[in-house]
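Asker: Take this structure first; my questions come after.
Residue numbers (this note's numbering): 5 to 668.
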């Protein structure tokens, strides 16, 4: 609370400064004009003053005694003489006399006759102290003094801030986060069991470094978290700091680099200096590839700001000075572009891979995010986990959030299985675009096209199972789409599976040709996909006997060469021709396979296309029932009912036999 109050005070200080400045200026202006009169003051000598007294023209007299019995008198008088007028008491302000009265001042010698004349012919007499002159002098000097003080304060502050900004420009932007503010534990991270086990040693060292030192072991000085975006690298670093209970310095790699040379290196040195003052502690550098890229990536030489920053980081992590007690964690999704000196043992001597979660990890992640969402009791998260291969933790969190938003949009109090599956499809393929106007001809064409894809996949043993077919545009699909979903996580694919996928991809073009006797441009994306698969089978996977298990195409020998540098083509004309012929043969085989399957199952193609025109979207359960591949729920219920009538007769006989046996 004290830190928060100090922050609020710092934020409010500029406003308070301007308020005090206005107050000072106002007081100075008031004091400057306090003694300024708006009318001209007439100066009398002693003779003129005595005559004015005798003529009753002196109305007021403010007497101030000076040295040598000299009286300084000021006040109001009238121009016309009036011998019969009786002196009147003061009724108006001295600063604003009536137009018939004027101001005067004089200095006379103090005598008894003067005193008597003043008492007799003056209506209001005021005797002031001798220090009035000091007050007058102070009133004249004080405004100027206040003005100079205010100018000095502001000038000093501006100079101090300018110096502070100049010296703080090279300070580190790393923000120290106390462990209690992180509030992330290892239990909050799911789907990364191996990574948690590997990084637990760092937590143990930060909690009890003496245990490792007594054995003679040394904890890794740096740990690099590597993984695709959304796999929880930053979350893992927070959990390490929170579990260990040590200060946590967080900074991004881009915060080091500035337009001025030397600033990044200065910030690196300052960051490690702050870390040494708080040992043991943890430094987390997010997106370290912004500053740790390889120094050999350029075609020519160079010594830019990024290289200076990298050199400073290399020295601080493993240089002449010991740095025990400061552990550096860094995260990146591009470890291939990092400098080799940064990855060597002694700096980042351990790489922890944060991989995409498998089916069990996805189930655990869904359980964590489902705790904050109200769901129906019959929601099956195992189905969502099985049908989301390749999803990261961030994707699954987004899926649960989208499901909650969909339920709230339809005024539901709890999330159902339908919202979860719709959210999964939205995250995977995009949102349905029902607003797109499609002609009836294109709608029919799309139905047969997608039915061709699905039907070929259903009749091929090694094809990826069909999940859903739709003729509604979704995401980047302009007309319709056929979605396939593996039953489990797949890391390798066989030759038969790739051939089945190629045949399924060509099923849409074959269906158009078979039904309408013509082909359209709707299969352009299919042709591109099948060509890419065929080329990879020939050039990368070595799955064609005539070509052999040879890698064709360019690959880079030097690990530090530029990734985007152009490479010359090393294929000969004859080899390139053989590769093109092999690719064409694979595609033609896939095309012929699709033609054979759709011709043999023309009636199923018609049923599936008509069902798509009627319902627009069909999942695999509806397709199986439509094509007779599965029993509908109504038929299954009828079969169970008939079986329940016949079943009791046999147990009755068994019971009778048992009773007879017992009687015997």
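The C-beta atom is built at its ideal place from N, Cα and C for all residues, glycine as well.
As the structure is a prediction and not an experimental result, all values here were calculated from the model.
(1) How many angstroms separate the CA atom of residue 235 from the CA atom of residue 346?
(2) Taking just the CA atoms, how far does residue 469 sit from residue 275?
(3) What did DSSP end up calling residue 287 once you bin it into helix, strand or coil?
(4) For residue 408, which residues from the same chain have a beta carbon less than 7 Å from its beta carbon, with the 5 sequence-adjacent residues on both sides left out?
(5) Drop a sphere of 10 angstroms on the beta-carbon of residue 312, count the other beta-carbons inside from all chains shown, and report buried for 16 or more, exposed for fewer.
(6) Residue 292 and residue 257 look like a contact to me (Cβ under 8 Å); what is the Cβ gap, rounded to whole Å?
(7) Which residues in the same chain have their Cβ closer than 6 Å to the Cβ of residue 278, if we skip the five residues on either side of it in sequence?
(8) Which same chain residues, not among the five before or five after residue 398, have their C-beta less than 6 Å away from its C-beta?
(9) If you compare alpha carbons, which of 547, 238, 535, 64 is closest to residue 125?
(10) If we count Cβ pairs, one from each stretch, closer than 8 Å, do we get three or more for the segment 186 to 196 versus the segment 241 to 249?
(11) Just the Cα atoms here: how many angstroms apart are residue 310 and residue 524?
(12) Kindly list the residues whose CB is nearer than 6 Å to the CB of residue 422, restricted to its own chain and excluding five residues on each side of it in sequence; keep chain order.
(13) Taking all protein chains shown into account, decide if residue 152 is buried (16 or more other Cβ within 10 angstroms of its Cβ) or exposed.
(14) Check the C-beta distance from residue 355 over to residue 548 and give it rounded, since I have them as a contact under 8 Å.
(15) Per the contact definition of three or more C-beta pairs closer than 8 Å, is the segment 595 to 604 in contact with the segment 503 to 512?
(16) Can you grab the Cα-Cα spacing for the pair residue 269 / residue 369, in whole Å?
(17) Can you tell me whether residue 570 is buried or exposed? The criterion is at least 16 other CB atoms within 10 Å of its CB, across all chains shown.
(18) Residue 466 to residue 501, Cα distance in whole Å?
(19) In the DSSP assignment, find the alpha helix (DSSP H) that holds residue 256 and state where it starts and stops.
(20) Indicate the three-state DSSP secondary structure (helix, strand or coil) for residue 452 in the structure shown.
(21) Go through its chain and collect everything with a Cβ distance to residue 450's Cβ below 6 Å, but skip five positions before and after it.
(22) Does residue 319 come out as helix, strand or coil in the three-state DSSP assignment?
(23) Just to confirm the assignment, what range does the alpha helix (DSSP H) spanning residue 581 have?
(24) How should residue 364 be labelled, buried or exposed, when 16 other C-beta atoms within 10 angstroms of its C-beta is the threshold for buried?
(25) Is there at least one non-hydrogen atom of the ligand COA closer than 6 Å to the beta-carbon of residue 618?
(26) So residue 602 packs on residue 511, CB below 8 Å; how close in whole Å?
(27) Considering only the alpha carbon of each residue, which of 478, 575, 54 lies closest to residue 433?
(28) With a cut-off of 7 Å, does the C-beta of residue 419 fall near any C-beta of chain D?
(29) What did DSSP end up calling residue 458 once you bin it into helix, strand or coil?
(30) Could you give the DSSP three-state label for residue 364: helix, strand or coil?
(31) In whole angstroms, give me the CA-to-CA distance for residue 69 and residue 83.
(32) I want to know whether the segment 529 to 544 touches the segment 602 to 619 - three or more CB-CB distances under 8 Å.
(33) To the nearest whole angstrom, what separates the beta carbons of residue 289 and residue 255, a pair I think is in contact under 8 Å?
(34) Need the endpoints of the beta strand (DSSP E) that residue 476 sits in, please.
(35) Is the beta carbon of residue 431 less than 7 Å from the beta carbon of residue 454?
(36) Please go through the same chain and pick out, in chain order, the residues whose beta-carbon is closer than 8 Å to the beta-carbon of residue 667, but skip the five residues on each side of it.
Answerer: Let's see:
(1) Their Cα atoms are separated by approximately 23 Å.
(2) When rounded, the distance between both Cα atoms is 53 Å.
(3) Reduced to three states, the DSSP call for residue 287 is strand.
(4) Cβ neighbours of residue 408 beyond the five flanking positions: 377, 419.
(5) By the beta-carbon neighbour count (other beta carbons within 10 angstroms, threshold 16), residue 312 is buried.
(6) Cβ atoms of residue 292 and residue 257 come within 8 Å of each other, at about 5 Å.
(7) Exclusion of the five residues before and after residue 278 leaves no residue of its chain whose Cβ lies closer than 6 Å to its Cβ.
(8) Hits under 6 Å: 234.
(9) For residue 125, the nearest C-alpha among the options comes from 64.
(10) Taking a cut-off of 8 Å on C-beta distances, the segment 186 to 196 touches the segment 241 to 249, as three or more cross pairs fall below it.
(11) The straight-line gap from Cα to Cα measures roughly 52 Å.
(12) The answer is none, since no qualifying residue turns up.
(13) Per the 10 Å Cβ criterion, exposed.
(14) Their Cβ separation, rounded to whole angstroms, is 36 Å, which puts residue 355 and residue 548 out of contact at 8 Å.
(15) Under the Cβ criterion (8 Å, minimum of three pairs), the segment 503 to 512 counts as touching the segment 595 to 604.
(16) Rounded to the nearest angstrom, the two C-alpha atoms are 40 Å apart.
(17) Here residue 570 scores only 44 on pLDDT, less than 50, and its place in the model is too uncertain to base an answer on.
(18) Straight-line Cα distance between these residues: approximately 5 Å.
(19) Going by DSSP, residue 256 is part of no alpha helix (DSSP H) but of the beta strand (DSSP E) stretching over 252 to 256.
(20) In this structure, residue 452 counts as helix in the three-state DSSP scheme.
(21) These residues qualify, in order along the chain: 475, 483, 484.
(22) Helix.
(23) Per DSSP, residue 581 belongs to the alpha helix (DSSP H) from 577 to 604.
(24) The C-beta of residue 364 has fewer than 16 other C-beta atoms within 10 Å across all chains shown, which makes the residue exposed.
(25) For the structure depicted, the ligand COA is absent and the ligand set is empty, with no information on it obtainable.
(26) Correct: roughly 7 Å between the Cβ atoms.
(27) The option with the nearest alpha carbon to residue 433 is 478.
(28) This model lacks chain D altogether, as it is built from one protein chain only.
(29) Correct three-state label for residue 458: helix.
(30) Assignment of residue 364 by DSSP, reduced to helix, strand and coil, places it in the helix class.
(31) Near 26 Å, if we compare the C-alpha coordinates of residue 83 and residue 69.
(32) Taking a contact to require three or more Cβ pairs closer than 8 Å, the segment 529 to 544 and the segment 602 to 619 do not qualify as touching.
(33) The C-beta distance from residue 289 to residue 255 rounds to 6 Å, short enough to meet the 8 Å contact threshold.
(34) Per DSSP, residue 476 lies in no beta strand (DSSP E) and is assigned neither H nor E.
(35) Annotated as distal: residue 431 and residue 454, with beta-carbon spacing of 7 Å or more.
(36) Any reading at residue 667 must be qualified, since the residue scores a pLDDT of 36, below 50, and its modelled position is unreliable; the value itself is stated next. No residues qualify anywhere along the chain.
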